[in-house]
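Structure first, then comments.
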Amino acid sequence: MTGHFKKELRTVAALNGILKTIRIPISILTASLLSRTVSAAGAGNAAVVLGQGAALLSVISGMLLLEIGGGILSQRLKAKALHRCKLYLYGRLAASPLASLASSGHGDTIENLHEDFGTVTEKIATLYPEWLTGIATFAAYLIFLSAQSWQMALLLAGMSLLQLIPPFLVRRFLQVNYDNCRDIEAQLTDFVVSGCEGFLAIKMYSLKNWWLGELERYHKKYRKIGSSSIYTGTAESTLEELVSMLLGYGVYGVTGVLVLGGYVPLETGIQAIALSGGLFGASKKAFSMIARFGVAKVAENRLESGPFSVIPPQRETAGISVPDISIINLSYSYGDKTLFGGAHAFFGKGRTVVIKGPNGTGKSTLLRLVAGMLRCGEGEIKVGGVAPENLSDDSFPRDIFYLPQEDETFSFPASELYRMSIPEAAGRAEELARELCLGEDLIRNHPIDSLSGGERKKVFLALAFAADPLLMLLDEPTNSLDEKGRQKLTEMVRGRCRSTVIVTHDSVFDSISEETYLCAEGQLRTAGDNLHGYTSKENDITGKGD
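All the letters of the sequence shown, read from the start, carry residue numbers 17 to 562 under my numbering.
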């Protein structure tokens, strides 16, 4: 990933480096002109003062114009390059395996896309060229001054080493604080996002005090970590200001002593004073960037992990041609809870399979495992002979369609969703939506996130059946549906000649199920096994979860 960013930003980095490098000879020329001007003024030569002053003004003006023009060009190129880098990052995110996307939190992703992305790209576009040109500036100024007086050059070089103190003292604190701040900011973002998505439930169940208390707890952690970061930054700034004052006033005193003592000529002293600011600034920049490179490395590691991680090259993806599902010795635990312990099952091609069971026994988890959103701990799952994590991206939604309990909330209407997801069958999807009793205006003009739960469910059911996948995975598809919707859904399932797996508490599918499994006690048992007295009435259609 970093290699791609370097490729996109190399022109910007080169231009920034050139602009900084051009300043080196111009600054040396400016120092020479200034020393001649002062010497001529001391000698009372007005003509030379005017001539050298005019030349000095021309050089400075030309440099300013060049920096303004080059800076504008650099910013334009940088904005375009960053846009291409961000598109690449989005592409990497979209290409990530389902399991990686499903396990990543909103907060981590947001921090990756903003803070870490900015830190890494800034390192490439700005830090590297500034660090290299800082070293080049430091060396060039010392070489120039050495030609005039090696004592002056050696003295300024020694004084500049004082600027090593602040970055080396705070380097490790900056890196630790960066890492800690990113983590707590991600947690805080996740918690706020969950609250925004669930404010209705928070109010209905009188959870306001609990939610605000948890938010305050996160803020306390954030303030504690932020305080450490502030103290570190303040300490660094104070040290830098102290060193800067020592160098600024010290160079005048030292130069005056050397000139008055006859160790260096006046012109060399003036040149040294004129170049000292640039010399100290260049060395400070080179030294201080040591800490920033460490911070950027942390950001790179974060950015290269999680949903942005590279898919291993040995991972070969494949589609499916035979939509059967084999489950062999499946084991899966969630935290301390074991959902499956050596489960076995086989869902045949073209069959309608219904999975029932008490809440919390792993029914929804099983569908996520089959879809590749989770990875089993032991044993294996194969979909058409392919492990779910190796299913190719284009398997969804035409070969496999997974409909979770909670429908997505997009800010565009259903017709746009159909056009983007299954353009070749968008008309069929709208037709099915109408058969599910959704009005034309609602389909075409109302954003999906403005619809009721039942209306959203119908939108996605129409999408699923219009896609007509080889394998359809439906998790509690009758949730929020009215009676007409449930009847129509049953007809649509009965009309399919392809594989359908339905997790449900609803008895509406009992008459059309070709295979019924009970998910309980870590196993998948067929309807002929002992179901331990379980009936669908015990967990009616209002049930959610596993």
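We treat Cβ as the ideally placed atom computed from N, Cα and C, and that holds for glycine.
Cβ neighbour criterion (16 or more within 10 Å) applied to V273: What you label residue 273 is simply residue 257 of the sequence shown in a count that begins at 1. So V273 counts as exposed.
Inter-stretch contact (C-beta, 8 Å, three-pair minimum) for the region 450-470 and the region 417-432: yes
Stretch-stretch touch, CB-based, cutoff 8 Å, three pairs: the region 378-389 with the region 346-356: yes
Beta-carbon proximity list for D498, same chain, < 7 Å, skipping 5 on both sides: Working through the sequence shown from its first residue, we reach residue 498 at position 482. So the list reads G470, once near-sequence residues are dropped.
Residues that DSSP places opposite K372 in a beta bridge: Here residue 372 refers to the residue found at position 356 when the sequence shown is read from its first residue. DSSP lists L534 as partners of K372.
Selection from G366, L477, I528, M17 that minimises the alpha carbon distance to Y106: Position 90 of the sequence shown, counted from the start, is the residue given in the question as residue 106. The residue with the shortest Cα to Cα distance from Y106 is M17.
First through last residue of the alpha helix (DSSP H) which encompasses N345: Numbered from its first residue, the sequence shown carries residue 345 at position 329. First-last for N345: 341-350, but that is the beta strand (DSSP E), not the alpha helix (DSSP H).
Spatial distance of E507 from F362 (CA atoms): For the purposes of this step, residue 507 is taken as residue 491 along the sequence shown, with counting starting at 1. For the purposes of this step, residue 362 is taken as residue 346 along the sequence shown, with counting starting at 1. So the two alpha carbons sit approximately 25 Å from each other.
Of the listed residues Q539, T520, A483, nearest to R512 (C-alpha basis): Numbered from its first residue, the sequence shown carries residue 512 at position 496. The residue with the shortest Cα to Cα distance from R512 is A483.
Sheet register partners of P429 (DSSP bridge): In the sequence shown, residue 429 corresponds to position 413, counting from 1. Answer is P463.
Residues near E283 in its chain [Cβ-Cβ closer than 6 Å; skip 5 each side]: Here residue 283 is taken as the residue at index 267 of the sequence shown, counted from 1. So the qualifying residues of the chain are S51, S55.
Residue from L180, R472, V280, S77 whose Cα sits closest to the Cα of G501: In the sequence shown, counting from the first residue as 1, residue 501 sits at position 485. Checked all of L180, R472, V280, S77; the closest Cα to G501 is R472.
Selection from D415, V270, K504 that minimises the alpha carbon distance to L454: Here residue 454 refers to the residue found at position 438 of the sequence shown. Among D415, V270, K504, the Cα nearest to that of L454 is on K504.
is_contact[I518, chain C] using C-beta, thresh 8 Å: Checking the listed chains, one finds no chain C in this structure; it contains a single protein chain.
Beta-bridge partners of I416, as assigned by DSSP: Taking the sequence shown and counting its residues from 1, one reaches residue 416 at position 400. Looking at the DSSP assignment, I416 forms a beta bridge with L487.
Alpha-carbon spacing of E24 relative to L93, whole angstroms: Stepping through the sequence shown from its first residue, residue 24 is reached at position 8. Stepping through the sequence shown from its first residue, residue 93 is reached at position 77. So the alpha carbons of these two residues sit roughly 10 Å apart.
Rounded C-alpha distance that separates L540 from S496: Taking the first residue of the sequence shown as position 1, residue 540 is located at position 524. Taking the first residue of the sequence shown as position 1, residue 496 is located at position 480. So the alpha carbons of these two residues sit roughly 27 Å apart.
Exposure label - G150; buried when at least 16 CB within 10 Å: Here residue 150 refers to the residue found at position 134 when the sequence shown is read from its first residue. It counts as buried.
Inter-residue spacing [alpha-carbon to alpha-carbon] between R367 and G538: Walking along the sequence shown from the start, residue 367 turns up at place 351. Walking along the sequence shown from the start, residue 538 turns up at place 522. Roughly 23 Å between the two C-alpha positions.
Proximal residues to G69 (C-beta, below 6 Å), its chain only, five neighbours per side dropped: Sequence index remark: in the sequence shown, residue 69 carries index 53 (1-based). Closer than 6 Å at Cβ, skipping near neighbours: T53.
Three-state secondary structure assigned by DSSP to S527: The residue labelled residue 527 in the question sits at position 511 within the sequence shown. S527 falls in the coil class under three-state DSSP.
DSSP state of P328 mapped onto helix, strand, coil: By 1-based counting over the sequence shown, the position of residue 328 is 312. With a pLDDT of only 46 at P328, under the threshold of 50, the placement of this residue in the model should not be trusted; the figure read from the coordinates follows. Looking at P328 - three-state DSSP - the assignment turns out to be coil, as it is neither helix nor strand.
Beta-carbon proximity check, V270 vs L171, cutoff 8 Å: Translated into the one-based positions of the sequence shown, residue 270 becomes position 254. Translated into the one-based positions of the sequence shown, residue 171 becomes position 155. For V270 and L171, yes; Cβs fall inside 8 Å.
Segment contact, 8 Å Cβ cut-off, at least three pairs: the region 524-538 with the region 435-447: no
Paired residues, beta bridge with A361 - DSSP: For the purposes of this step, residue 361 is taken as the residue at position 345 of the sequence shown. In the DSSP output, where bridge partners are listed per residue, A361 has I343.
The beta strand (DSSP E) enclosing L10, as first and last residue numbers: In the structure as shown, the chain starts at 17 and stops at 562, and residue 10 therefore has no counterpart that could be examined.
Terminal residues of the alpha helix (DSSP H) in which V509 lies: Counting from 1 along the sequence shown, the entry for residue 509 is found at position 493. From DSSP, the alpha helix (DSSP H) with V509 extends over 499-510.
Own chain residues within Cβ distance below 7 Å of S292, not counting five before or after: Translated into positions along the sequence shown, residue 292 becomes position 276. Counting only Cβ-Cβ distances below 7 Å, and skipping sequence neighbours, we find L172, V267.
Where S337 falls: helix, strand or coil (DSSP): The residue labelled residue 337 in the question sits at position 321 within the sequence shown. In this structure, S337 counts as coil in the three-state DSSP scheme.
Under 8 Å between C-beta atoms of F476 and L390: Here residue 476 refers to the residue found at position 460 of the sequence shown. Here residue 390 refers to the residue found at position 374 of the sequence shown. Cβ atoms of F476 and L390: not closer than 8 Å.
S337 classed as buried or exposed, judged by whether at least 16 other C-beta atoms fall within 10 angstroms: Position 321 of the sequence shown, counted from the start, is the residue given in the question as residue 337. Label assigned to S337: exposed.
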